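K.L.:
Dropping a structure here in structure tokens format, bear with me for questions.
Protein chains: 4
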Amino acid sequence: MMIIMKPGSTQVEIEHVIEQIRENGLTSHLSIGEDHTVIGAVGDTHAVPTAVFEVLDGVESVIRISQPYKLASRQFHPNNSIFPLDGFTVGGDEIAIIAGPCSVESREQLLETARAVQAAGAHALRGGVFKPRTSPYTFQGLGEEGLEFVAEARQLTGMPVVVEITSITQLDLMVKYVDVIQIGARNMQNFALLSAIGKTQTPVLLKRGMSATIEELLMASEYILSGGNQRVMLCERGIRTFETATRNTTDINAIPVLKALTHLPVLLDPSHSTGHADYVPAVARAAIAAGADGLIIEVHPDPAHALSDGRQSLKPEKFAELVRQVRQIAEVMGRSLAPTTKVQEA
Amino acid sequence: MMIIMKPGSTQVEIEHVIEQIRENGLTSHLSIGEDHTVIGAVGDTHAVPTAVFEVLDGVESVIRISQPYKLASRQFHPNNSIFPLDGFTVGGDEIAIIAGPCSVESREQLLETARAVQAAGAHALRGGVFKPRTSPYTFQGLGEEGLEFVAEARQLTGMPVVVEITSITQLDLMVKYVDVIQIGARNMQNFALLSAIGKTQTPVLLKRGMSATIEELLMASEYILSGGNQRVMLCERGIRTFETATRNTTDINAIPVLKALTHLPVLLDPSHSTGHADYVPAVARAAIAAGADGLIIEVHPDPAHALSDGRQSLKPEKFAELVRQVRQIAEVMGRSLAPTTKVQEA
Amino acid sequence: MMIIMKPGSTQVEIEHVIEQIRENGLTSHLSIGEDHTVIGAVGDTHAVPTAVFEVLDGVESVIRISQPYKLASRQFHPNNSIFPLDGFTVGGDEIAIIAGPCSVESREQLLETARAVQAAGAHALRGGVFKPRTSPYTFQGLGEEGLEFVAEARQLTGMPVVVEITSITQLDLMVKYVDVIQIGARNMQNFALLSAIGKTQTPVLLKRGMSATIEELLMASEYILSGGNQRVMLCERGIRTFETATRNTTDINAIPVLKALTHLPVLLDPSHSTGHADYVPAVARAAIAAGADGLIIEVHPDPAHALSDGRQSLKPEKFAELVRQVRQIAEVMGRSLAPTTKVQEA
Amino acid sequence: MMIIMKPGSTQVEIEHVIEQIRENGLTSHLSIGEDHTVIGAVGDTHAVPTAVFEVLDGVESVIRISQPYKLASRQFHPNNSIFPLDGFTVGGDEIAIIAGPCSVESREQLLETARAVQAAGAHALRGGVFKPRTSPYTFQGLGEEGLEFVAEARQLTGMPVVVEITSITQLDLMVKYVDVIQIGARNMQNFALLSAIGKTQTPVLLKRGMSATIEELLMASEYILSGGNQRVMLCERGIRTFETATRNTTDINAIPVLKALTHLPVLLDPSHSTGHADYVPAVARAAIAAGADGLIIEVHPDPAHALSDGRQSLKPEKFAELVRQVRQIAEVMGRSLAPTTKVQEA
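For the record, the sequence lines run as chains A, B, C and D.
Counting from 48, one number per residue, gives the positions in the first sequence under the working numbering.
Counting from 48, one number per residue, gives the positions in the second sequence under the working numbering.
Counting from 48, one number per residue, gives the positions in the third sequence under the working numbering.
Counting from 48, one number per residue, gives the positions in the fourth sequence under the working numbering.
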């Protein structure tokens, strides 16, 4: 950590900084420039907030040199983390595709979609039962009843299921029913929830908040990892910018940046990151070409009657076409789609 | 709501839209342009998602004409909502100032700050006990013990207390201890939490999310209002932009925009919206000049030893100076600072 | 165009709107809702500003339904525009790669780079001689002397050359020396420059401004097209967002969105859109996978001594590897790299 | 400047950095941390780009400690720059208000507006004759003919005139006709234009680009100052963010930040920063309360027939009311409105 002093800072101010460095278990190193004195704070700084120095008199700014996360960092864990799910792995050479409806709307809708996405090549089933909706007047999800349908779809297809949690009060249910707990963009900094999930052993799909930096996403994963749950998958899902032609802006840069910074698997959700079914296949291909480890995609047998996100949901036949394209891109990347489970007879 | 059809949309597609309009309890109105047919959907549309039309074949886009919120809207409630707190009101002619430390750190720190801000002219005391922190390695707040100190400060000064909630599991404690529940930026779209608070009768200070639009802030308030809790105060606290000279960008436009759109009181938090104590007084004055109903400001007796947000905390004497300036601006605006409670003898 | 009246607008206000519609050569169509009257303005509206209605009393907002651009629109020109350059085409099945140094620094540097990028598979040479630099204290380009070196590199390699213009006063020189005039992000809305270039017949590479919407990029192209110059290539080069891990945020969504909205060729510049050589190959592959028609990439034989943008410049051998990867992605997309000109003997 | 080396950087890499430091006329200072070696580069660094170090092998990042601007910096020029215009000053205790139409539309419109804003208390007249418009199909300004009307309005009222330049080819005309050359947001980084204006002695009003950082605005001013023209006034006019309720987001923080960083006068343009006449007075008051030195405001006698920006233009009587409010805020700030010139008889 480097503490930059203001021009004209006094000897007493500099000594206070050095004292603060010592109190935080670090050693100091002085460098005197033309305008600015710079004081290095050397040692294990990831748990020392820059704020403890920023507030001192005479300090202009504080620059963190080491990363503020450790468990998520590739620096301390150079090899990719590879997590097995039922019948396939995430984070290694295999590309995983999670697909399904935005919301579980009924038993029939879910089972039909589950069979369709499995036939098209999906490896896991998504489906929301607690829905975070901007308006209190719109469909809020089926709740626990929906989880029963999810369990049945799991049973029927053999595919692991990915379901979003929206409240810490749902955690016991989630651990009981689901294979992967999804943390949505709006809860990426719900730290109480992150900490609680960190104490379970259920794999997690952690989505980037819509205005979260890449570093904040990694810090959010650090909450889960530091609780003891090592199986965290990260997911870029678009960020909020000034552009209005699409629902969000897919930050495709985040794929190679995350792959450089962390050993955790990195997925992309082109349904939310574009907001429009027409653009999903192009961005899904781009994600794999950029090095993503997988995709999560909204599929609905009848988007025109979806209770949420119909506009960005693919029909099963469009999804099947997307899987074919993604498979080819994966091969160019020296990777392959994960093997699919055998489709069960209905 | 206006449904814009794509150029070349068919008669059958248009009929499906009209049928969907009918199914949603609305009546339709057709307008045929050179390239585009536009279908109006007339009736009470605030609870009809645009998505039910967007997903239909042949639809290019859907434009909402009426506001998607109703209880928060000034259109249906033209007069300002004015909420009494202990000894003063918020939302009327009086300007309210909430002040105190970012975090409650100890009994002594809180009581000292409470007395200091009261002496300087504050009307209510803020102080966090459950802290949402980006890093799991930094101070997370004193928890329930902190609430005891808050209660003591309340007793000592007679000032109502404002405390942030970070999990639905803290709600019973909050209702017991605090006068105003603060919902922080990171939880503005924690809909489970909003709904639960909507069922209490404790006043709420709802902060804008760091990338939330003004409309989303109003929709978040609608969750609370529709649960039956009418006492919601809104708070601008800066949004996230590309500018890095300040921690956030104060959206001062939001003050007159919110005052035009809603009857709810509107406050501003210049501590978070600037992130730097040097800029807090200027932005506090600007807020009142722009028409805000109050301020919430971080004050710490010794910012250099604050466990969080020290950089943006004012020392009590700087805060007292700010109150003097704000008082003069309030008078120019034809308003006045709320009366302060008598300072109790220590 | 739809004009939305405020609740409670008067008959006189509505009549003024209808009169304004008539004065603009359009016909009106009335639709009366519960709260809002909506008036359609039907006819050829692309040249009618929404502002002529927005300013009228009683008007709440005005929504444009038809696109404000016409010459750039795929609606009126469904087939891709395909422009021949020396020996290859842009906008059809062939993928074109433009490469070269950020700045022309010397005759030797340019010729060496030109030969290296040609050997690696580039189709055209880039190189700036007038440099837009944030600081007046940094290298501003070689100016006209640099153009002589560019001409020599063109002669030597047979590759067409792409050079950025930064002032209308350079236009005659540019028309004389270069094959493609590049308009940089900072000049995307330099309308005097756009109009002047529209009166030439030199092909144009128009880069998106760093905070320009996709629609604004298309409107900027409309300035050139409406002057009579039809050969405009668009280029996504990253937009400015809150993310600081990369220099800009590559808006990969813009590729399929632009391909849907316009017939003009669409390229991507991963050097500027990421700002870091390490991330350029991943984003270059993503661009082609998303449907881009080409790439423009910074290459320098010795990035450590580049006078500008060294950090994001690839060494020739890294660029050659990128070309190999892009070729494979192009094949998956059913496309191929454009043929390269024969490398001339030095 | 601090050069942060990657973990594991070699001795040879470190020596290359030290050599590069020496070649740039600076001295080096080594600091060895647990993971990272940090090398300080000490001396006058404002003209040394960080890029010369960023490109070296083993370098992770480079942090600038001194400001990259010098002439604009308050550090080297602690007192406010105060510029006299006809009959008043900008940058001292007096608050200056510039007002007038967005576009000069006709002789009558301009003279009527000039008289009205003068009567209401304006100190200078604005009016555009070369208009930067997003669409090539909308009114582009009267051009040189408009300047004649501007000169006549100047003659009639005695007020100095402020006119936007949009091309370097207009510079001779501008120097001849206008008192203050305005550089609009879209040309803030038109460096050829900035340099040319730097060689004149005409005062400049430099507007912040819509996605320019505060530092970039100061660097743009440095181009003008380093050319020899010292009279630069800066103007915040709103930045582009995700919020769509207003045309731009007023960055009110920029006022105190700029006043801290630079000695140049700082104005605010609430017409563009809000885009809506209803919000202009609130933001104008806020600007002065935050410490701005002046305002530039669009006023039109008949906004409903304005050829541009009518929606954000105030009628003269609303402007007069705004001036009254601003006067009171100025007094609270210990300042006063500049004296107005005597209104001439028509």
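Glycine included, C-beta positions come from ideal geometry on N, C-alpha and C.
Predicted model only: the values in this text are computed from it and were never measured.
How far does the alpha helix (DSSP H) with Ser273 (chain C) in it reach, from first residue to last?
P.N.:
Its alpha helix (DSSP H) spans residues 261-274.
K.L.:
Return the CA-CA distance between Asp349 (chain C) and Arg371 (chain A), expressed in angstroms with no decimal places.
P.N.:
Looking at the two C-alpha atoms, the distance is approximately 41 Å.
K.L.:
Excluding sequence positions up to five away, which residues of its chain have a Cβ less than 7 Å from the Cβ of Leu354 (chain C)?
P.N.:
The answer, listed in chain order, is Ser150, Glu152, Phe186.
K.L.:
By how many angstroms is the C-alpha of Pro179 (chain A) removed from the C-alpha of Ser258 (chain B)?
P.N.:
For Ser258 (chain B) and Pro179 (chain A), the distance between alpha carbons rounds to 16 Å.
K.L.:
Using a Cβ-Cβ cut-off of 7 Å (strictly less than) and excluding sequence neighbours within five positions of Arg3 (chain C), which residues of its own chain qualify?
P.N.:
Residue coverage of chain C in this structure runs from 48 to 393, which leaves residue 3 (chain C) outside it and unanswerable.
K.L.:
Whose Cβ in chain B lies nearer than 9 Å to the Cβ of Ser182 (chain A)?
P.N.:
What Ser182 (chain A) touches in chain B: His93, Ala94, Pro96, Pro115, Tyr116, Met266, Glu269, Tyr270.
K.L.:
Taking the alpha-carbon positions, what's the Arg154 (chain D) to Glu262 (chain C) distance?
P.N.:
Straight-line Cα distance between these residues: approximately 34 Å.
K.L.:
How should Ile51 (chain B) be labelled, buried or exposed, when 16 other C-beta atoms within 10 angstroms of its C-beta is the threshold for buried?
P.N.:
Ile51 (chain B) is buried by the Cβ-count criterion.
K.L.:
Looking only at C-alpha atoms, which of D:Val64, D:Ala292, D:Ile110 sits nearest to Ala307 (chain B)?
P.N.:
The residue with the shortest Cα to Cα distance from Ala307 (chain B) is D:Ala292.
K.L.:
Where does Leu305 (chain A) sit, in a helix, a strand or coil, going by DSSP?
P.N.:
Looking at Leu305 (chain A) - three-state DSSP - the assignment turns out to be helix.
K.L.:
Assess, as a yes-or-no matter, whether the region 102-110 of chain D is touched by the region 298-316 of chain D under the definition of 3 or more beta carbon pairs within less than 8 Å.
P.N.:
They do not touch, by the three-pair rule.
K.L.:
Do Val346 (chain B) and Val137 (chain B) have their C-beta atoms within less than 9 Å of each other?
P.N.:
It is not a contact, given that the beta carbons lie outside the stated cut-off.
K.L.:
For the alpha helix (DSSP H) containing Gln229 (chain A), name the first residue and the last one.
P.N.:
Taken as a continuous stretch (DSSP letters only), Gln229 (chain A) belongs to no alpha helix (DSSP H), being part of the beta strand (DSSP E) at 227-230.
K.L.:
May I ask you to report which of helix, strand or coil DSSP gives Val222 (chain D)?
P.N.:
Helix, per DSSP.
K.L.:
By how many angstroms is the C-alpha of Gly205 (chain A) removed from the C-alpha of Gln391 (chain A)?
P.N.:
Caution applies to Gln391 (chain A), whose pLDDT of 49 falls short of 50 and renders its modelled position unreliable; the model cannot decide the point.
K.L.:
Could you tell me which chain D residues have their CB closer than 7 Å to the CB of Phe289 (chain A), listed as they occur along the chain?
P.N.:
By Cβ distance, chain D contributes Arg287, Thr288, Phe289.
K.L.:
Shorter than 9 Å from the beta carbon of Thr185 (chain D) to some beta carbon of chain C?
P.N.:
Yes, its Cβ sits closer than 9 Å to a Cβ of chain C.
K.L.:
Which word fits Phe123 (chain A), buried or exposed, when buried means at least 16 other C-beta atoms lie within 10 angstroms of its C-beta?
P.N.:
So Phe123 (chain A) counts as exposed.
K.L.:
Between the C-alpha atoms of Ala393 (chain B) and Thr160 (chain B), what's the straight-line distance to the nearest angstrom?
P.N.:
Reliability fails at Ala393 (chain B), whose pLDDT of 43 lies under 50, so the model's placement of it is uncertain and the value that follows must be treated cautiously. If you take the alpha carbons of Ala393 (chain B) and Thr160 (chain B), they lie about 13 Å apart.
K.L.:
In chain order, what residues of the same chain have a beta carbon less than 8 Å from the beta carbon of Val373 (chain B), not counting five sequence neighbours either side?
P.N.:
Ile142, Ile144, Ala331, Arg332, Ile335, Leu342, Leu384.
K.L.:
If we ignore side chains and look at the alpha-carbon of each, how far apart do Ile244 (chain D) and Ser214 (chain D) end up?
P.N.:
Their backbone Cα atoms lie some 11 Å apart in a straight line.
K.L.:
Would you call the CB atoms of Ser128 (chain B) and Arg278 (chain B) closer than 9 Å?
P.N.:
It is a contact, given that the beta carbons lie within the stated cut-off.
K.L.:
Please state whether DSSP places Gly322 (chain C) in a helix, a strand or coil.
P.N.:
Residue state, collapsed to three classes: coil.
K.L.:
Consult DSSP for Arg294 (chain C) and reduce its assignment to one of helix, strand or coil.
P.N.:
Note: Arg294 (chain C) maps to coil in three-state DSSP.
K.L.:
Grab me the residues of Arg382 (chain C)'s own chain with a C-beta within less than 6 Å of its C-beta, minus the 5 sequence neighbours each way, in chain order.
P.N.:
The answer, listed in chain order, is Asp140, Ile142.
K.L.:
Determine the extent of the alpha helix (DSSP H) in which Arg173 (chain D) is found, giving its start and end residues.
P.N.:
Per DSSP, Arg173 (chain D) belongs to no alpha helix (DSSP H); it is in the beta strand (DSSP E), 171-173.
K.L.:
To which residues does DSSP link Gly341 (chain B) through a beta bridge?
P.N.:
Paired residue(s): B:Ala143, B:Leu314.
K.L.:
Rounded to the nearest angstrom, what separates Arg69 (chain C) and Thr321 (chain D) at their Cα positions?
P.N.:
The alpha-carbon atoms of Arg69 (chain C) and Thr321 (chain D) are separated by roughly 30 Å.
K.L.:
How many angstroms separate the CA atom of Ile230 (chain A) from the CA atom of Tyr116 (chain B)?
P.N.:
In a straight line, the C-alpha of Ile230 (chain A) is about 27 Å away from that of Tyr116 (chain B).
K.L.:
Going along the region 101-113 of chain C in order, which residues come within less than 7 Å of chain B, judged by CB to CB distance?
P.N.:
The region 101-113 of chain C vs chain B, Cβ under 7 Å: Ile110, Ile112, Ser113.
K.L.:
Can you check whether the C-beta of Gln122 (chain A) is within less than 9 Å of a C-beta belonging to chain D?
P.N.:
Cβ-Cβ to chain D under 9 Å: yes for Gln122 (chain A).
K.L.:
Report, in whole angstroms, the separation of the C-beta atoms of Arg284 (chain A) and His319 (chain A), which I expect to be a contact under 8 Å.
P.N.:
Right, their Cβ atoms sit about 4 Å apart.
K.L.:
Please compile the residues from chain B whose C-beta is within a distance smaller than 7 Å of the C-beta of Ser258 (chain D).
P.N.:
Ordered by position in chain B, the residues that pass the 7 Å Cβ test against Ser258 (chain D) are Phe289.
K.L.:
Once the 5 residues before and after Ala367 (chain B) are set aside, which same chain residues still bring their CB inside 8 Å of it?
P.N.:
Counting only Cβ-Cβ distances below 8 Å, and skipping sequence neighbours, we find Ala166, Ala167, Gly168.
K.L.:
Listing by chain order, which chain C residues have their CB less than 7 Å from the CB of Asp298 (chain A)?
P.N.:
Within chain C, the residues near Asp298 (chain A) are Glu290, Thr296.
K.L.:
Grab me the residues of Ser268 (chain B)'s own chain with a C-beta within less than 7 Å of its C-beta, minus the 5 sequence neighbours each way, in chain order.
P.N.:
Counting only Cβ-Cβ distances below 7 Å, and skipping sequence neighbours, we find Ala119, Leu253, Val279, Leu281, Leu311.
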